[in-house]
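Just so we're aligned: 753 in the numbering used here is position 38 of the sequence shown, and the numbers increase by one with no gaps anywhere. Even for Gly, the Cβ is constructed at its ideal location relative to N, Cα and C. Keep in mind that this is a model prediction, so the values were computed, not measured. So the structure is just underneath, and the comments pick up after that.
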Amino acid sequence: MELNLKGKSVIVTGGGSNIGRAISLAFAREGAHVTIAEIDTGQGEKTAAEARRAGAASVVVARTDVTKWDSVQRQCTVPARPA
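Given below as structure tokens:
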């Protein structure tokens, strides 16, 4: 399905597993720049590797705890480097 997301940037919270993983990989197949905001960075890195193989323009894993406001703010203000 073409959603015109090629080259667009997305952030997926909980993107390392379950529904978040599926969403991350769907965006990757569309050629988006994917940021996986995940508390479990090990799981995030596994999904990132899959996303790269699926065709993501770039993938970043950012340790983020969405239950902590300061963690979310950092995610939105600190530039990440594509992996």
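- For residue 752, the enclosing beta strand (DSSP E) begins and ends at 748-753.
- Per the DSSP secondary-structure output, residue 773 pairs in a beta bridge with 748.
- Taking a cut-off of 8 Å for Cβ pairs, the region 780-790 and the region 762-770 do not touch, as fewer than three such pairs fall below it.
- Distances from the alpha-carbon of residue 727 to those of 783, 745, 777 put 777 closest.
- Approximately 24 Å separates the beta-carbon atoms of residue 722 and residue 729; this is outside 8 Å, ruling out the contact.
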